[in-house]
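Structure first, then comments.
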Amino acid sequence: MKFKNVVSILASAALAVSAIPTISFATETEDNSINSKFSSGELPTDANMDGKFDLNDTRSILLYYATVMASADQSYTHSDDISEEVFDNIRDNFDYDNNGKVNSNDASLLLNYYYSNSIAGDVDMNGQLDKADYQLVK
């Protein structure tokens, strides 16, 4: 139970930190290049292996990162939040910036791609801008 709390706290902290505006060293051309790699399928987007690309994929990358940071040897430790199969998938395929580790930077790249291709105002993220979205924000 204690490990689960640590992972949840670390994932929450990583998500909060990634939401803080930062100075970007990537140029617009680099951003477009990585986004085109996402669009073409050259870079994977389905981190949690559920067959779709959504915000839960970014969450899974952050859970992976929190799990690695909480582990003494940076290996998989059982968690109700992330399976070993998803852990291995993220470790092997989601180092977008090629720095040798999957971390919040990689989650941020995927999050930026998600929002650059989503419908503004689609609060419930069902792919439609409708009354349900209005109800959620009023």
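Heads up: the sequence shown at position 57 corresponds to 497 in my numbering, and the numbers run straight through without jumps. For every residue, glycine included, the Cβ atom is placed at its ideal position computed from N, Cα and C.
- With a cutoff of 7 Å on beta-carbon distance, V526 and N488 are scored as near each other.
- Of S479, D497, A506 and S476, the smallest CA-CA separation from D486 is found for D497.
- The shortest CA-to-CA distance from V542 to any of L503, G491, F478 and G481 is the one to L503.
- Pairing P484 with K578, the inter-Cα distance amounts to about 35 Å.
- For V577, the uninterrupted alpha helix (DSSP H) segment begins and ends at K571 to V577.
- Take the alpha-carbon of R531 and the one of Y574: they are about 38 Å apart.
- DSSP places F478 within a helical segment (H, G or I) once states are collapsed to three.
- With contacts defined as CB atoms closer than 7 Å, N475 and Y553 qualify as a contacting pair.
- The shortest CA-to-CA distance from E482 to any of I501, V563, D570 and F534 is the one to F534.
- When the beta-carbon positions are compared, T507 and S523 stay at least 7 Å from each other.
- Apart from sequence neighbours up to five positions away, the residues of its chain that approach F493 with a beta-carbon distance below 8 Å are T485, D486 and Y554, ordered along the chain.
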